[in-house]
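K.L.:
Respectively, the protein sequence lines represent chains A and B.
The first sequence begins at 1 in my numbering and counts up one residue at a time.
The second sequence begins at 1001 in my numbering and counts up one residue at a time.
Glycine included, C-beta positions come from ideal geometry on N, C-alpha and C.
For clarity, every value in this text was computed on a predicted model and none was experimentally measured.
There are 2 protein chains.
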Amino acid sequence: MPREDSQSADEAAIRSVINGITKAVRAKDVEAFLSHCAPDIVAFDMLPPLEQEGAETIRRNWDTALSSFEGTVEYEVRKLAITAGGDAAFSRCLAFFGGTTKDGKRIVNWLRLTLGFRRIDGQWKVIHQHVSVPFDMENGKAILDLKP
Amino acid sequence: MPREDSQSADEAAIRSVINGITKAVRAKDVEAFLSHCAPDIVAFDMLPPLEQEGAETIRRNWDTALSSFEGTVEYEVRKLAITAGGDAAFSRCLAFFGGTTKDGKRIVNWLRLTLGFRRIDGQWKVIHQHVSVPFDMENGKAILDLKP
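Here you go:
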């Protein structure tokens, strides 16, 4: 394929992985989420520690986070940009994440999400994830109510 | 070049860009930093807003941030991992960032840093930057004293 066609095919394939992740998060299906990740994924998450290494660690943390919600989780990706070339790619987007917890609290916020991909055996897998919110320098608090 | 050789050459080139950024941050040289960035860079920074678009915005914010320090800035990259393939690449690392402000405060913290690169006219340029610290779910505060 000419280079432009192969790039846009890669971008479409990665967009489809991100759609799969979106469905998995909404359904609180951690295994479906992890099916898009490499076993040695390293995540920089909103919550400590500084870094989380390996799919097993992420399985545990996502199980805890997602199971705290009652019913489905609301998840929406906005302003997605994908850069693909050869066997490496990355994406950035803003993501709306939220729902109602089992103890009745309504939690919603806009996150910044960066994903790093590698093509492994013909499939694009997430090998790096970075999710965050900014914080307020004055009071040291994470800012959870910013809107894009 | 065989694919492995070209990948490791790309990784070396990106490592050299990251070394250049390290020197620029230490010297508080915003122009040297920006020389490694594409004009349409999009940054997810530690401080609001959710996203910063364009080199000009980043110039302004970095000028403010770096000029608040007295003398040089301490900056050190740890656990750097680079994934390169074709004309896209990304890196992740932990970065120690700090110094003494002009009003005598000592500020140091470990950040998580993800960079997204595109090869433009043969040069690797940063087109995306994501810097963050995690936060404490209990008290809502950004956690600035985590160590790798």
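Glu51/A versus chain B: which residues are under 9 Å apart at the beta carbon?
P.N.:
The residue given as residue 51/A occupies position 51 in the first sequence. Those within 9 Å of Glu51/A in chain B are Lys1079, Arg1092, Leu1094, Arg1112 and Pro1148.
K.L.:
Hey, is Ser1132/B's beta-carbon within less than 7 Å of any beta-carbon in chain A?
P.N.:
Taking the first residue of the second sequence as 1, we reach residue 1132/B at position 132. Chain A, which has a Cβ nearer than 7 Å to the Cβ of Ser1132/B, makes this yes.
K.L.:
In or out: Pro39/A buried (at least 16 other Cβ within 10 Å) or exposed?
P.N.:
Residue numbering aside, residue 39/A sits at position 39 when the first sequence is read from its first letter. Pro39/A should be labelled exposed.
K.L.:
So if DSSP puts Ala1089/B in a beta bridge, which residue, or which two residues, is it bridged to?
P.N.:
Counting from one through the second sequence, the residue named residue 1089/B turns up at place 89. In DSSP, Ala1089/B forms a bridge with Ala1084/B and Phe1117/B.
K.L.:
Tell whether a beta-carbon distance below 7 Å holds between Leu1094/B and Pro1134/B.
P.N.:
Walking along the second sequence from the start, residue 1094/B turns up at place 94. Walking along the second sequence from the start, residue 1134/B turns up at place 134. Their beta carbons are not under 7 Å apart, which means Leu1094/B does not touch Pro1134/B by this criterion.
K.L.:
CB Ala84/A to CB Gln7/A, shorter than 7 Å?
P.N.:
Here residue 84/A refers to the residue found at position 84 when the first sequence is read from its first residue. Here residue 7/A refers to the residue found at position 7 when the first sequence is read from its first residue. Cβ atoms of Ala84/A and Gln7/A: closer than 7 Å.
K.L.:
Can a CB atom of chain A be found closer than 7 Å to the CB of Ala1088/B?
P.N.:
Here the question's residue 1088/B lines up with position 88 in the second sequence. Yes, Ala1088/B lies at the interface with chain A (some Cβ there is under 7 Å from its Cβ).
K.L.:
Determine the DSSP secondary structure at Leu94/A, reduced to helix, strand or coil.
P.N.:
As a first step, residue 94/A is located in the first sequence; it is residue number 94 there, counting from the start. Correct three-state label for Leu94/A: strand.
K.L.:
Following the continuous alpha helix (DSSP H) through Ile58/A, name the residue where it begins and the one where it ends.
P.N.:
Locating residue 58/A in the first sequence gives position 58, where the first residue counts as 1. That run of the alpha helix (DSSP H) goes Ala55 to Ser67.
K.L.:
Counting only C-beta atoms, is Phe1069/B closer than 7 Å to chain A at any point?
P.N.:
Counted from its first residue, the second sequence places residue 1069/B at position 69. Output row for Phe1069/B: interface = no.
K.L.:
Rounded to whole angstroms, what's the CA-CA distance from Ala1032/B to Phe1096/B? Just pull it up for me.
P.N.:
Stepping through the second sequence from its first residue, residue 1032/B is reached at position 32. Stepping through the second sequence from its first residue, residue 1096/B is reached at position 96. Distance between the alpha carbons of Ala1032/B and Phe1096/B is about 19 Å.
K.L.:
Do you know how far the Cα of Lys28/A is from the Cα of Ser67/A?
P.N.:
Numbered from its first residue, the first sequence carries residue 67/A at position 67. Numbered from its first residue, the first sequence carries residue 28/A at position 28. Taking the straight line joining both Cα atoms gives about 7 Å.
K.L.:
How would you write the range of the alpha helix (DSSP H) that Val1030/B sits in, first residue to last?
P.N.:
Residue 1030/B sits at position 30 when you count from the first residue of the second sequence. Here the alpha helix (DSSP H) through Val1030/B covers Val1030 to Leu1034.
K.L.:
In the DSSP assignment, what residue or residues form a beta bridge with Gly1140/B?
P.N.:
To locate residue 1140/B, count along the second sequence from 1; it is residue 140. Beta-bridge pairing links Gly1140/B to no other residue.
K.L.:
Could you tell me the alpha carbon to alpha carbon distance between Leu146/A and Thr1064/B, rounded to whole angstroms?
P.N.:
Walking along the first sequence from the start, residue 146/A turns up at place 146. Walking along the second sequence from the start, residue 1064/B turns up at place 64. Using only the alpha carbons, I get a separation of about 22 Å.
K.L.:
Starting from Lys1141/B, find everything on chain A with Cβ-Cβ shorter than 9 Å and list it in chain order.
P.N.:
For the purposes of this step, residue 1141/B is identified with residue 141 of the second sequence, where counting begins at 1. What Lys1141/B touches in chain A: Phe135, Asn139, Gly140, Lys141 and Ala142.
K.L.:
Is it the case that the Cβ atoms of Val108/A and Asp45/A are separated by a distance below 7 Å?
P.N.:
Start at 1 with the first residue of the first sequence, and residue 108/A comes out as number 108. Start at 1 with the first residue of the first sequence, and residue 45/A comes out as number 45. Contact flag unset, no.
K.L.:
For Gly20/A, would you say it is in contact with chain D, using Cβ-to-Cβ distances shorter than 7 Å as the test?
P.N.:
Absent from the structure is chain D; the protein chains it does hold are A and B.
K.L.:
Verify the CB distance criterion: does Leu47/A have a CB-CB separation below 7 Å to chain B?
P.N.:
Indexing the first sequence from 1 puts residue 47/A at position 47. For Leu47/A, the answer is yes, since a Cβ of chain B falls inside 7 Å of its Cβ.
K.L.:
Let me check understanding here. Comparing Cα to Cα, which of Ala1024/B, Ala1012/B and Ile1143/B lies closest to Glu1074/B?
P.N.:
One-based indexing of the second sequence puts residue 1074/B at position 74. Glu1074/B has its Cα closest to that of Ala1024/B, out of Ala1024/B, Ala1012/B and Ile1143/B.
K.L.:
Indicate the three-state DSSP secondary structure (helix, strand or coil) for Lys105/A in the structure shown.
P.N.:
In the first sequence, residue 105/A corresponds to position 105, counting from 1. Coil.
K.L.:
Do Ile1082/B and Leu1014/B have their beta-carbon atoms positioned less than 7 Å apart in this structure?
P.N.:
Here residue 1014/B is taken as the residue at index 14 of the second sequence, counted from 1. Here residue 1082/B is taken as the residue at index 82 of the second sequence, counted from 1. Note on residue identity: the sequence assigns Ile, not Leu, to residue 1014/B. Yes, the Cβ-Cβ distance between Ile1014/B and Ile1082/B is below 7 Å.
K.L.:
Could you check the C-alpha separation between Gln1129/B and Ile1021/B for me, to the nearest Å?
P.N.:
Within the second sequence, residue 1129/B is the residue found at index 129, counting from 1. Within the second sequence, residue 1021/B is the residue found at index 21, counting from 1. So the two alpha carbons sit approximately 12 Å from each other.
K.L.:
Cutting at 6 Å between CB atoms, please list the residues of its own chain near Leu1115/B, excluding the five before and the five after it.
P.N.:
By one-based count along the second sequence, residue 1115/B stands at place 115. Ser1091, Val1126 and Gln1129, listed in sequence order.
K.L.:
Can you grab the Cα-Cα spacing for the pair Asp1005/B / Asp87/A, in whole Å?
P.N.:
Looking up residue 1005/B in the second sequence gives position 5. Looking up residue 87/A in the first sequence gives position 87. So the two alpha carbons sit approximately 14 Å from each other.
K.L.:
Taking any Cβ of chain B, which residues in the segment 21 to 43 of chain A have a Cβ under 9 Å from it, in chain order?
P.N.:
Those would be Val42, in chain order.
K.L.:
Specify, as a first and last residue, the run of the beta strand (DSSP E) that Ala1038/B falls within.
P.N.:
Numbered from its first residue, the second sequence carries residue 1038/B at position 38. Under the DSSP assignment, Ala1038/B falls in the beta strand (DSSP E) whose first and last residues are Cys1037 to Phe1044.
K.L.:
With 8 Å as the limit, tell me which residues of the segment 1002 to 1016 of chain B have their beta carbon closer than that to any beta carbon of chain A; keep them in chain order.
P.N.:
Taking 8 Å as the Cβ-Cβ cut-off against chain A, none of the residues of the segment 1002 to 1016 of chain B qualify.
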